[in-house]
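Novice: Residue numbers (our numbering): 22 to 549.
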Ligand code: G4P
């Protein structure tokens, strides 16, 4: 094999998704610890602790005045080159969180064993499922009281309509947590809580034949429960099927405790083995092989710098094929221009570095003087590659925004358009009026504050913001003249985006159902 295909095939680019507090930050950090990218894990949210979580990128951003949220951590482990994409899941949950999943080849879903599936897990899962990427499940916090593993698996299967395959099986939970049974190796990893979790540890392994150890570490009651449960899982569960895993139809499930470093190393090894390297992506209906020597990449995220001293933006590219070379000129398809990508950067563990080369599967961040849009492609000169399909996701919060100072029309329009272009907000207008009032939709409420802050600091515009009662938005393919005659509830609002697409804003699911039921043939889409 050539050097290029060697490099690409050893890449594993994935996102970790979870509902806040399930343990995404902790698991990320422990993967870095076991991957050798960091020597010691910080206390994740111990605010008094001197060390901050390495993956707390928002905090890093504040400290350094640079924008690296939703970027990527790269490190080498066991011959693999690993890219972990951060998907902000806290109050800064935004469309970026979704878009980041467009750049990932697989996803790791962290679930709190006491809580099961939570709202944000649900939302993020559906984006992964839409892309048919492999989804690995890490059921965390077994050191606390947990729901029955059977219950958790059933919930995953029922809600997400996928198969599950437990790679290991927990022995007890909470105070009674004794370890996990590794179904592949047919051995037990014994859990002992005795350390702070900041350094690597290796759990004791022993076989099912080692009766003396089993008695001592696990005890006869839990052992007989384990034997019964394994029999059930072996008999009634799905069969192991690598193809189904790699197509996102079967999710391998791992139990563990990220905080106590338990099950993390086994998870990392198994995940790397089972998941996929970068796969072909479609350009104009034709799959483009990652090992195709011609470079191509698309923008999945644009991050404006919140620091006023640096008004630049960073565009994040996912490389889809070939090798990137810093010295080379490439073709910006949508801009119709040849260019060099200025100051290409990668985040290596916790350091940012300007890089000379990168390969398909990698993410690079480049300084953007305002020329790139979400979804844009850059490729080899003389080629015309276009990766479509970065969808617009439905915002969930809406507000009407107007400027306070009537003199500042130009600044207001420029500012709000640019911020929308970066994809931080979506903007709509009433087809009957102009830009005096703008309907703004966001995925996470924090984006409203970001908008207000940025309009003020970057464009000198103060705004008034009126929350609107809408909760759901749907794109619709109906002629403008026909929209007026649709039978809709009186609180449904017709708006247009700035490409002229027609949309409806609804205050509830009930109103959406009304629109569907009263207007036969109408097609409403939640994702554009
Ligand atoms: P997130 O990024 O998904 O939001 O979760 P994060 O890793 O920050 O973890 C959320 C909390 O859960 C943290 O507690 C963390 O220490 C704890 N946690 C993570 N993994 C485990 C685990 O395996 N076992 C247990 N028992 N706890 C775990 P915190 O915010 O520091 O404190 P608190 O929320 O407990 O007060």
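Glycine included, every Cβ here is placed at the ideal spot set by N, Cα and C.
Checking the sheet assignment: what are the DSSP bridge partners for residue 360?
Specialist: For residue 360, which the question treats as bridged, DSSP gives the partners 351.
Novice: How many Å lie between residue 390 and residue 191 at the Cα?
Specialist: About 52 Å.
Novice: For residue 488, which residues from the same chain have a beta carbon less than 6 Å from its beta carbon, with the 5 sequence-adjacent residues on both sides left out?
Specialist: Cβ within range, chain order: 420.
Novice: Got a sec, what are the start and stop residues for the beta strand (DSSP E) residue 398 sits in?
Specialist: Residues 398-400.
Novice: To which residues of the same chain is residue 286 closer than 6 Å at the C-beta, ignoring the five residues directly before and after it?
Specialist: For residue 286, where only same-chain residues beyond five positions count, the Cβ hits under 6 Å are 55.
Novice: Going by the CB atoms, is the gap between residue 210 and residue 195 shorter than 7 Å?
Specialist: Contact: no.
Novice: Quick one: using the 10 Å Cβ neighbour count with 16 as the cut-off for buried, is residue 232 buried or exposed?
Specialist: Burial call: exposed.
Novice: Assign residue 100 to one of two classes, buried (16 or more other C-beta atoms within 10 Å of its C-beta) or exposed (fewer than that).
Specialist: The residue in question, residue 100, is exposed, as its Cβ has fewer than 16 Cβ neighbours within 10 Å.
Novice: Which stretch, first to last residue, makes up the alpha helix (DSSP H) that contains residue 121?
Specialist: Counting along the chain, the alpha helix (DSSP H) containing residue 121 begins and ends at 116-121.
Novice: So within the segment 165-226, which uninterrupted alpha helix (DSSP H) runs reach at least 4 residues, ignoring any that extend past its ends?
Specialist: Runs of the alpha helix (DSSP H) inside the segment 165-226: 170-181.
Novice: Whole angstroms are fine: how far does the CA of residue 223 sit from the CA of residue 212?
Specialist: Their Cα atoms are separated by approximately 10 Å.
Novice: Name the DSSP bridge partner or partners of residue 309?
Specialist: Paired residue(s): 302.
Novice: Going by the beta-carbon positions, is the gap between residue 497 and residue 533 smaller than 7 Å?
Specialist: No.
Novice: Name the DSSP bridge partner or partners of residue 151?
Specialist: BP columns for residue 151 are empty, so no partner.
Novice: For residue 103, which residues in the same chain have their Cβ closer than 6 Å to its Cβ, ignoring the five residues on either side in sequence?
Specialist: Excluding residues within five positions, the ones whose Cβ falls inside 6 Å are 33 and 96.
Novice: So what's residue 244 in DSSP terms, helix, strand or just coil?
Specialist: The answer is helix: DSSP assigns residue 244 an H, G or I state.
Novice: For the segment 509-546, list the alpha helix (DSSP H) runs that are entirely contained and at least 4 residues long, ordered along the chain.
Specialist: Whole alpha helix (DSSP H) segments, 4+ residues: 530-539.
Novice: For residue 364, which residues from the same chain have a beta carbon less than 7 Å from its beta carbon, with the 5 sequence-adjacent residues on both sides left out?
Specialist: The residues are 375, 387 and 388.
Novice: If you measure from the CB of residue 193, is any heavy atom of the ligand G4P nearer than 6 Å?
Specialist: No; taking the cut-off as 6 Å, the Cβ of residue 193 has no heavy atom of the ligand G4P nearer than that.
Novice: Mind listing, in chain order, the continuous alpha helix (DSSP H) runs of no fewer than 4 residues lying wholly within the segment 415-473?
Specialist: You should have 430-442.
Novice: Whose CA, out of 37, 407, 242 and 521, lies closest to the CA of residue 316?
Specialist: Here the closest residue by C-alpha is 407.
Novice: What I want to know is whether the C-beta of residue 522 ends up closer than 6 Å to one or more non-hydrogen atoms of the ligand G4P.
Specialist: Answer for residue 522: no, Cβ out of range of the ligand G4P.
Novice: Quick check: what's the CA-CA separation for residue 18 versus residue 162?
Specialist: In this structure the chain extends from 22 to 549, so residue 18 is not present and cannot be described.
Novice: Anyone know if the C-beta pair for residue 339 and residue 321 falls short of 7 Å?
Specialist: Yes; because the gap between Cβ atoms is below 7 Å, this pair is in contact.
Novice: Are there 16 or more other CB atoms within 10 angstroms of the CB of residue 153, so buried, or fewer, so exposed?
Specialist: Exposed.
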